[in-house]
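Be aware that the sequence shown starts at 221, since it is given in the working numbering, and climbs by one per residue. Here the structure is laid out as structure tokens; the discussion comes afterwards.
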Amino acid sequence: MEINAGEYYLRQLRADKALDDRPALVAAFADPTHRKYVLNYRLRDLDEATEYVALRAAQWAGDERCSWAVAEPTTGDLLGEVGLRDLDLDAGYAEASVWVRAASRGKGVASTALNAALRFGFGGLGLREVSYRYEETNEVSASVARKCGFTLVGPELDPAPTGERLIRWRRTA
Numbered sequence: 221m222e223i224n225a226g227e228y229y230l231r232q233l234r235a236d237k238a239l240d241d242r243p244a245l246v247a248a249f250a251d252p253t254h255r256k257y258v259l260n261y262r263l264r265d266l267d268e269a270t271e272y273v274a275l276r277a278a279q280w281a282g283d284e285r286c287s288w289a290v291a292e293p294t295t296g297d298l299l300g301e302v303g304l305r306d307l308d309l310d311a312g313y314a315e316a317s318v319w320v321r322a323a324s325r326g327k328g329v330a331s332t333a334l335n336a337a338l339r340f341g342f343g344g345l346g347l348r349e350v351s352y353r354y355e356e357t358n359e360v361s362a363s364v365a366r367k368c369g370f371t372l373v374g375p376e377l378d379p380a381p382t383g384e385r386l387i388r389w390r391r392t393a
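As structure tokens, then:
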């Protein structure tokens, strides 16, 4: 499933002869800011990146998560990743996630990609509610939530794995 997101397009993560996202994934996951907020995945080499690409494809196939590479439209270069995880199609619920490579930050990539994923979630999947959570110190994520029309719910009871408070936002169809 590819999505036209205006300045960018959303496509499946790839590791094939025509397009290989693995080197960009390894570089993105080595970035200190990325590592600070994305704790549940470590991609230190091409083998781990291969497993990550395969995992995302399996999650799509199992209706667990819709995940897209955010790509530059003329080159196909990976700029980041956006997704709808913890999918519950019966309940009409998912949680949004997005990250952007260091070189592409500050250009509206995250909010553009997330808005496109939300349109697909509400329109294509029939979701009724999508939540978005982030660590309290992640001010960029707060800005993305506001730009994407989420409403602040407040802090979660349980902290993030980092020990920081998690802030929850939600958006309904």
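Note that the Cβ used here is the ideal one computed from N, Cα and C, for glycine as well.
Roughly how far, in whole angstroms, is the beta-carbon of residue i from the beta-carbon of residue j, given that I think they are within contact range, below 8 Å?
i: VAL373; j: ARG390; result: 5 Å
i: LEU304; j: ARG285; result: 7 Å
i: THR332; j: GLU227; result: 6 Å
i: VAL273; j: ALA235; result: 5 Å
With burial defined as no fewer than 16 other Cβ atoms inside 10 Å of the residue's Cβ, what is the status of residue i: buried or exposed?
i: GLY300; result: buried
i: ARG353; result: buried
i: LEU307; result: buried
i: TYR377; result: As written in the sequence, residue 377 is Leu, which differs from the Tyr given in the question. It is exposed - the Cβ of LEU377 has fewer than 16 other Cβ atoms within 10 Å.
i: ASP241; result: buried
i: ALA248; result: buried
i: GLY341; result: buried
i: ALA281; result: exposed
i: TYR261; result: exposed
Cβ of residue i within 9 Å of Cβ of residue j?
i: VAL302; j: LEU334; result: yes
i: ARG231; j: ALA289; result: yes
i: ALA380; j: LEU386; result: yes
i: LEU345; j: GLY369; result: no
i: ALA269; j: VAL246; result: yes
i: ALA396; j: VAL360; result: The structure shown does not extend to residue 396, since the chain is modelled only from 221 through 393, so no value can be given for it.
i: LEU239; j: GLY296; result: yes
(message) Extract the residue ranges of the alpha helix (DSSP H) inside the region 298 to 359, only unbroken runs of 4 or more that lie entirely within it.
(response) 329 to 339, all fully within the region 298 to 359.
(message) With a threshold of 8 Å, are at least 3 pairs of Cβ atoms found where one atom belongs to the region 248 to 266 and the other to the region 311 to 329?
(response) Touching, yes.
(message) With three or more C-beta pairs closer than 8 Å as the rule, is the region 302 to 319 touching the region 349 to 362?
(response) Counting Cβ pairs under 8 Å, three or more are found: they touch.
(message) Please give me, in chain order, every unbroken run of the alpha helix (DSSP H) with length at least 4 that falls completely inside the region 240 to 277.
(response) Residue ranges of uninterrupted alpha helix (DSSP H) with 4 or more members, entirely inside the region 240 to 277 and ordered along the chain, are 242 to 250, 252 to 257.
(request) Report yes or no: do the region 270 to 284 and the region 323 to 341 share at least 3 C-beta pairs separated by less than 8 Å? (result) Output reads no: the region 323 to 341 does not touch the region 270 to 284.
(message) Extract the residue ranges of the alpha helix (DSSP H) inside the region 356 to 383, only unbroken runs of 4 or more that lie entirely within it.
(response) If we require 4 residues or more, the alpha helix (DSSP H) runs fully inside the region 356 to 383 come out as 359 to 367.
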